[in-house]
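Report on the following structure.
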Amino acid sequence: MFCQNCGKQIPEGSTFCTECGASLVATVQPMQFSTPPIAAKPKKKKTALWIILGIVALIIIIAIATGGDDKGNTKDEATPVVTETADVKETDNNTVAPQQTSGADANNNTVDLTMGQKNALQKAKDYLSMTAFSHDGLVSQLEYEGYSHDEAVYGADNCGADWSEQAAAKATSYLDMTAFSRDGLIEQLEYEGFTHEQAVYGAEANGY
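Residue 271 in this note's numbering sits at position 186 of the sequence shown, and the numbers go up by one each step.
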């Protein structure tokens with residue numbers, strides 16, 4: 086065996102170390118256990134707790150009974166309101182139907198127009214705001230801009246121009262640049278695409 090104090094080997098059964106003299110007999114101290122005191126049962130607190138629980142239960146029962154009556158009254162009062170709402174919905178449906186039909190008719194009036202026709206019409210109005218054109222001259226100008234013949238004709242037909250007044254305005258612009266005889270002015274207007282009647286009107290509107 087070995088000494089736990091100095092670590093030297095000593096003979097078996099020795100009660101102390103021959104090297105350091107340390108005692109080899111372990112001293113065992115008795116273990117002490119403490120017993121906690123037993124608390125007395127609080128009888129008075131239990132009684133008070135039961136009283137409080139009873140009061141709370143009574144309050145809950147009263148609240149449930151009162152709430153049930155209120156809910157019943159609320160349902161009875163809400164019934165006519167639901168009926169009135171249903172009547173309003175039926176009235177709305179009756180009035181909305183004609184509006185939807187009129188909207189559909191309006192859409193049908195514009196669906197037939199292509200984008201090319203709409204743009205050709207706008208372009209025709211733009212040209213007429215800058216200078217005078219005959220019907221045929223405006224169609225040719227729109228075709229030169231890349232519109233198809235049908236689109237160009239649609240633009241000229243629907244631009245709202247008075248072609249006789251356009252002939253008069255065109256004659257004025259010619260006379261501002263140079264002198265023309267009556268027949269020469271009429272011939273020039275016809276060359277621009279105006280009809281004979283429109284060309285005569287244009288010449289007469291400028292003093293011929």
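Glycine residues also receive a C-beta, built at the ideal position from the N, C-alpha and C atoms.
### Message
Please return the same chain residues whose Cβ sits closer than 6 Å to the Cβ of residue 118, not counting the five positions on each side in sequence.
### Response
Translated into the one-based positions of the sequence shown, residue 118 becomes position 33. A caution first: residue 118 carries a pLDDT of 46, below 50, which makes its placement in the model unreliable, though a value can still be read off. Excluding sequence neighbours, residue 118 sits near nothing in its chain.
### Query
Which residues share a DSSP beta bridge with residue 226?
Within the sequence shown, numbered from 1, the residue matching residue 226 stands at position 141. Answer is none; residue 226 lacks a bridge partner.
#### Entry: Separation of residue 235 from residue 199, as counted between CA atoms
Counted from its first residue, the sequence shown places residue 199 at position 114. Counted from its first residue, the sequence shown places residue 235 at position 150. Between residue 199 and residue 235, the C-alpha separation is close to 11 Å.
### Task
Would you grab the beta carbon distance between residue 253 and residue 290 for me? Rounded to a whole angstrom, and I think it's under 8 Å.
Looking up residue 253 in the sequence shown gives position 168. Looking up residue 290 in the sequence shown gives position 205. Yes, they are in contact, since the Cβ atoms of residue 253 and residue 290 sit about 4 Å apart, within 8 Å.
### Task
Check residue 308 in the structure and name its three-state DSSP category.
Since the first and last residues shown for the chain are 86 and 293, residue 308 lies out of range.
### Query
What residue from 274, 99, 93 and 105 has the CA that sits closest to residue 221's CA?
Counted from its first residue, the sequence shown places residue 221 at position 136. Of 274, 99, 93 and 105, the residue nearest in Cα terms is 274.
### Query
Which partner residues of residue 273 appear in the DSSP bridge assignment?
Taking the sequence shown and counting its residues from 1, one reaches residue 273 at position 188. For residue 273, DSSP records no beta bridge to any residue.
### Message
On a Cα-Cα basis, can you pick out the residue from 228, 92, 277 and 226 that is closest to residue 255?
### Response
By one-based count along the sequence shown, residue 255 stands at place 170. It is 277 whose Cα lies nearest to the Cα of residue 255.
### Beta-carbon proximity list for residue 94, same chain, < 6 Å, skipping 5 on both sides
For the purposes of this step, residue 94 is taken as residue 9 along the sequence shown, with counting starting at 1. For residue 94, same chain residues with a beta-carbon under 6 Å away, outside a window of 5 residues either side, are 87 in chain order.
### Query
In this structure, does DSSP put residue 108 in helix, strand or coil?
The count along the sequence shown starts at 1 and reaches residue 108 at position 23. Residue 108 falls in the strand class under three-state DSSP.
### Task
Tell me whether the beta-carbon of residue 226 lies closer than 8 Å to the beta-carbon of residue 239.
By one-based count along the sequence shown, residue 226 stands at place 141. By one-based count along the sequence shown, residue 239 stands at place 154. Between residue 226 and residue 239, the gap from beta carbon to beta carbon reaches 8 Å or more.
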